[in-house]
Amino acid sequence: MTGLLGALLPAVPLVAGLVGLLLPPVSRGGGARAGADPARRVAVGLGVAGAAGALLVAVALLARVGAPVETSNTWVDLGGLRVTLGVRLDGAAALVAVAVAAVALAVQVYSVGYLRAGLHDEAGVDVDHRYPPYAAQISLFTAAMLLVVVAGDLVMLLVGWEVMGLCSYLLIAHDRRLPGAPAAAMKAFLVTRVGDVGFLLGIALLGVSAGSFRIADVLAHDHSAGTLTAACLLLLAGVAGKSAQFPLHTWLPDAMAGPTPVSALIHAATMVAAGVYAVTRLFPLFERAPAALAVLGVLASVTLLLGALAATAQDDLKRVLAWSTVSQLGYMTGALAVGAPSAALFHLLTHAAFKALLFLAAGAVIHALGTPLLSRMGGLRSTMPVTFWCTAVGLGALAGVPPLAGFWSKDGVLAAAQAAALDSAGPAPAWVGWLVWLAGLAGVAVTAWYATRLLLRAFLGAARPPLPPHDRPIALHPHDPPAVMRVPMLLLAVPAALLGLAAFWPAFTGRLGAAEGEWTHVGPALLLPLALLAAGAALAWAGWRRDTAADPARALGPLGPVFAAGFRLDDVQRALVVRPVTALARFARAADEPVVDGAVDGTGRGATGLGGVLAG
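Mapped onto our numbering, the consecutive letters of the sequence shown carry residue numbers 124 to 739.
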């Protein structure tokens, strides 16, 4: 029965997505007529039912799974190299599945209101006629992530991994009216594909070494040290792409060109979580490859600080949240580097709750104002009280304000890094623990600073009238979103506030593989991160109080533009990768057309001419 539930988990949203792709577009009549269009109604029903069904299956699975369960049937046997069909289930997989399905359901319901009148128009016109493929692609996205969660074979995991990449491309480019959307989608697709080449090679190396792609066989096999280190480093390339680790993180902020509900799904429960989850699934291999963990620790520390500093200078509300995701992913991979996969999974779960909440709240603000720019916001607390409190809870959890969820999960990461640094507790060298711990402490202060700045700029102070976009009138009276958007926000606020208290529940910690009390270090060790949290928030508050109309980011001085541009790493990528590849492509084309094509065309013309001569 458990194996059947595991197979149903990705199958339910998969069927909903495949059926949804067959639906015709919504009629372009606009207003209530398009809202009542049969294709849209069916698309809404399929999307919500698929996510709700997956959530019910995930909850049933969570209730049933105790000890690890595995089912496996040989699919292909290539001369002794087996590829199997089956699932591998345990408490951690069930908890992650619940998080994925819950966020997907919230996004599907929220999208009904958010895309009812285009991306930013609440006036009842310009209904998004491409809603059916949008809802279907979200269902496929959800199914692909759930396949990664339950896969018992590396090839099955790879299938879900790649389908997520395709769905992210389609969803980021959903609104083709936005000039940056197609380019952002292509960038996300190509950058993650770079990492996926390494991921594929790593899987191939492990499968050939073990004689099977079944995860249990791969974990149990006695790989040589060189093979194991090489395979783990190759896998980390894919993790860097999917989970936006330096230097393959640049696609994630640009992915904000997609609809805000899609951003919530990508940043909270799918795509970026896949890389972290894959490492936890294969962590026994990484434990035996300390060199790979050392590399991961360096990447995690750089990613953590880079994302946090870049978030301090963004004016776009969604880009602040995007860069914060990059930073929080650094905490998760840092926990993995110091040998604490349970702490990484705990932070993954809390992050899914508060980051989904923050993106949906950001969507409510953008929906009401028609602009994502913090410089055009202010004073929204009185006109959007529900959105304000949801945002405050989400930002508090992000910054690690006790007793909200992010406080306990981030403390678990910092405690593991501290133990690795001071006590050499972990499979990686002690210097990795020092690097992750110091970067994590610095990240606490910086996160508190930019979270406070966002809350002050958007919701407090005097209202600043937004600049009207070219395609719709200005919203003079912003207000909280309708119930179909508001309810998912309120429901997500509950785990964002309270999920961290599960650290005191042995049944929860045991499912993630943590010892009782491992994440609840109530004592002097908490004083330093709490002091850094208070200092970061106080600095942002003091800068804002001096001039409530000014941006606290002015204190960054000449570093502000550098941080806002993400340390100009996009320019570095263009100079070192994009331009040389483009030049090579032009050269290849210039050589191919006159030489190869010319030879083929010349042969054809010669044969035709010779035939004419002989015929004459």
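Yeah, the Cβ is synthetic: ideal placement off N, Cα and C, and Gly gets one too.
In the displayed model, E193 falls within a strand according to three-state DSSP. Only residues of its own chain outside the window of five on either side were considered, and among them G501, G502, W667, T671, A672 have a CB closer than 8 Å to the CB of G584, listed in chain order. DSSP places L635 in the coil class of the three-state scheme, outside both helix and strand.
G176 and V607 do not touch by the CB rule: their CB atoms are close to 19 Å apart, not below 8 Å. The stretch 195 to 223 is shown to contain no whole alpha helix (DSSP H) run of 4 or more residues. The beta carbons of L228 and V180 sit no closer together than 7 Å. Around the C-beta of G202, fewer than 16 other C-beta atoms lie within 10 Å, and the residue is accordingly described as exposed. Between the stretch 412 to 425 and the stretch 386 to 399, the count of Cβ pairs shorter than 8 Å is below three; the stretches do not touch. DSSP, read as helix, strand or coil, puts D345 in coil. Annotation: the continuous alpha helix (DSSP H) that includes E410 extends over 406 to 410. For T726, the enclosing alpha helix (DSSP H) has its first and last residue at 721 to 738. Sequence-distant partners of R316 (beyond 5 residues in either direction) whose C-beta falls short of 8 Å from its own C-beta, in its chain, are G288, G364. A Cβ-Cβ distance of about 12 Å is found for the pair A542 and A551, leaving them out of contact under the 8 Å criterion. The Cβ-Cβ distance between L635 and L468 falls below 7 Å.
With respect to P611, V232 sits close: the two C-beta atoms are nearer than 7 Å. When the Cα atoms are used, W531 and A458 turn out to be separated by approximately 14 Å. About 5 Å separates the CB atoms of A539 and A466; that is less than 8 Å, so the two are in contact. V278 and L270 do not touch by the CB rule: their CB atoms are close to 11 Å apart, not below 8 Å.
The shortest C-alpha to C-alpha distance from A415 to any of L358, T494, A476 is the one to L358. Exclusion of the five residues before and after T514 leaves A484 as the residues of its chain whose Cβ lies within less than 6 Å of its Cβ. Contact check between the stretch 426 to 440 and the stretch 683 to 699: three or more CB pairs, one atom from each, fall below 8 Å, which counts as touching. Straight across, the Cα-Cα distance linking H600 with R337 is about 57 Å. DSSP, read as helix, strand or coil, puts R299 in coil. Per DSSP, A630 has no beta-bridge partner at all. Here the stretch 341 to 350 makes no contact with the stretch 363 to 381; the two share fewer than three CB pairs at distances below 8 Å. In the DSSP annotation of this structure, the continuous segment of the alpha helix (DSSP H) that includes S332 starts and ends at 304 to 333.
Distance from A139 to L178 at the Cβ level is roughly 12 Å; contact not present, criterion being Cβ atoms closer than 8 Å. With contacts defined by Cβ atoms closer than 7 Å, A431 and T570 form a contacting pair. The residues G203, L204, R205, D340, H344, in chain order, have a CB closer than 8 Å to that of G334 in the same chain once the five nearest residues on each side in sequence are set aside.
Fully enclosed alpha helix (DSSP H) runs of no fewer than 4 residues occupy 406 to 410, 413 to 434, 440 to 460 of the stretch 402 to 464, in order along the chain.
Closest option to A259, judged by alpha-carbon separation, among P148, V695, K310, Q696: P148. Residue range 553 to 582 is occupied by the alpha helix (DSSP H) that includes F582. With respect to the 7 Å criterion, G129 and V273 are classified as neighbours on the basis of their beta carbons.
By the Cβ test, the stretch 384 to 391 is in contact with the stretch 473 to 484, since at least three Cβ pairs between them sit closer than 8 Å.
For F686, the enclosing alpha helix (DSSP H) covers residues 682 to 687.
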